Amino acid sequence: MSSHTTIDELLDLVGDRAEFLRLLRDGPLFKRDIIDRLDTSRSTVDRAVDDLVEAGLVASVDGGYRTTRTGRLVLQRYETLREDIENVIDAASVVDAMPAGATLSAATVAKSTARRVDPHDVADLVRETIDGAESVAACLPRLSDSVVLDAYRGHAGPETRTRLVVAPSL
Numbered sequence: 017m018s019s020h021t022t023i024d025e026l027l028d029l030v031g032d033r034a035e036f037l038r039l040l041r042d043g044p045l046f047k048r049d050i051i052d053r054l055d056t057s058r059s060t061v062d063r064a065v066d067d068l069v070e071a072g073l074v075a076s077v078d079g080g081y082r083t084t085r086t087g088r089l090v091l092q093r094y095e096t097l098r099e100d101i102e103n104v105i106d107a108a109s110v111v112d113a114m115p116a117g118a119t120l121s122a123a124t125v126a127k128s129t130a131r132r133v134d135p136h137d138v139a140d141l142v143r144e145t146i147d148g149a150e151s152v153a154a155c156l157p158r159l160s161d162s163v164v165l166d167a168y169r170g171h172a173g174p175e176t177r178t179r180l181v182v183a184p185s186l
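See below:
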């Protein structure tokens with residue numbers, strides 16, 4: 017990475033050129049092959065490859081180009097970041113419904129799955145989720161029936177780490 021490249025510039029570059037990094041991580045390709053596989057212009061390929069080489073994310077190998085180890089790691093982290101942000105956005109309705117004082121880490125939300133379910137199906141979902149799990153964290157902005165709590169208590173094994181966050185009114 018160039019000493020003049022900021023992290024924001026690098027994130028922009030990876031976001032703009034992720035398809036090139038993905039394509040080139042499997043092995044070196046000539047520019048003409050990149051053009052064919054990505055169905056893009058020669059000038060776009062030239063600019064993308066030059067920018068990625070300058071950033072240290074792609075290297076020239078045997079006349080072709082390949083994603084560097086750093087480039088592969090940066091791409092992997094970038095893809096994970098995108099997935100985590102998507103998960104946080106998907107969980108917004110649950111997160112925003114939680115009590116203001118509830119402790120909630122960004123990492124927990126990023127690795128979570130938010131689902132809208134019929135209130136009558138919540139107990140079944142709790143049972144399915146807890147069975148065989150090593151760790152479970154659940155956030156319930158509302159509780160329509162004590163059956164859900166019974167399912168939560170009844171299906172957690174003795175070694176299962178559980179955390180249940182509910183609204184103060186419950």
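For the sequence shown, counting from 1, position 99 maps to 115 in my numbering; every step adds exactly one.
Note that CB positions come from ideal geometry on N, CA and C, so glycine has one too.
The structure presented is a predicted model; accordingly, all values stated were derived computationally and were not measured.
Can you give me the C-alpha to C-alpha distance between residue i and residue j, rounded to a whole angstrom?
i, j, result
"Asp55", "Leu29", "19 Å"
"Glu35", "Val61", "11 Å"
"Ala71", "Asp112", "39 Å"
"Asp137", "Glu99", "27 Å"
"Ala139", "Thr96", "31 Å"
"Arg85", "Val163", "51 Å"
"Thr22", "Lys127", "27 Å"
"Ser59", "Lys47", "10 Å"
"Arg53", "Asp24", "28 Å"
"Arg41", "Asn103", "26 Å"
"Gly43", "Leu165", "52 Å"
"Leu73", "Leu39", "13 Å"
"Gly170", "Glu144", "12 Å"
"Ser76", "Asp66", "10 Å"
"Ala116", "Pro135", "23 Å"
"Ser57", "Ile51", "6 Å"
Considering Cα atoms alone, identify which of the options is closest to residue i.
i, options, result
"Gly148", "Arg131, Leu165 and Thr178", "Thr178"
"Ile101", "Thr83, Val125 and Leu91", "Val125"
"Pro110", "Lys127, Ala123 and Arg131", "According to the sequence shown, residue 110 is Val rather than Pro. Nearest of Lys127, Ala123 and Arg131 to Val110, Cα basis: Arg131."
"Leu26", "Arg41, Arg58 and Gly87", "Gly87"
"Gly79", "Ala123, Asp49, Val138 and Ala118", "Asp49"
"Met114", "Ala154, Gly31, Lys47 and Asp52", "Ala154"
"Glu150", "Gly31, Ala116 and Pro174", "Pro174"
In the DSSP output, what is residue i paired with across the bridge?
i, result
"Ser151", "Arg177"
"Gly80", "Val77"
"Leu45", "Tyr81"
Contact check, residue i vs residue j under 8 Å by CB: the rounded distance?
i, j, result
"Tyr94", "Leu45", "No, Tyr94 and Leu45 are not in contact; Cβ-Cβ is about 20 Å, not under 8 Å."
"Leu68", "Arg33", "6 Å"
"Leu37", "Leu120", "Contact flag wrong, Cβ pair sits at about 33 Å."
"Val152", "Thr176", "6 Å"
"Val142", "Ala167", "4 Å"
Using a 10 Å radius around the Cβ and a threshold of 16 neighbouring Cβ atoms, would you call residue i buried or exposed?
i, result
"Ile146", "buried"
"Ile105", "exposed"
"Val133", "exposed"
"Ala123", "exposed"
"Thr83", "buried"
"Ala64", "buried"
"Ala108", "exposed"
Is there at least one non-hydrogen atom of the ligand ADP closer than 6 Å to the beta-carbon of residue i?
i, result
"Asp78", "Among the components of this structure there are no ligands whatsoever, and the ligand ADP is therefore not found."
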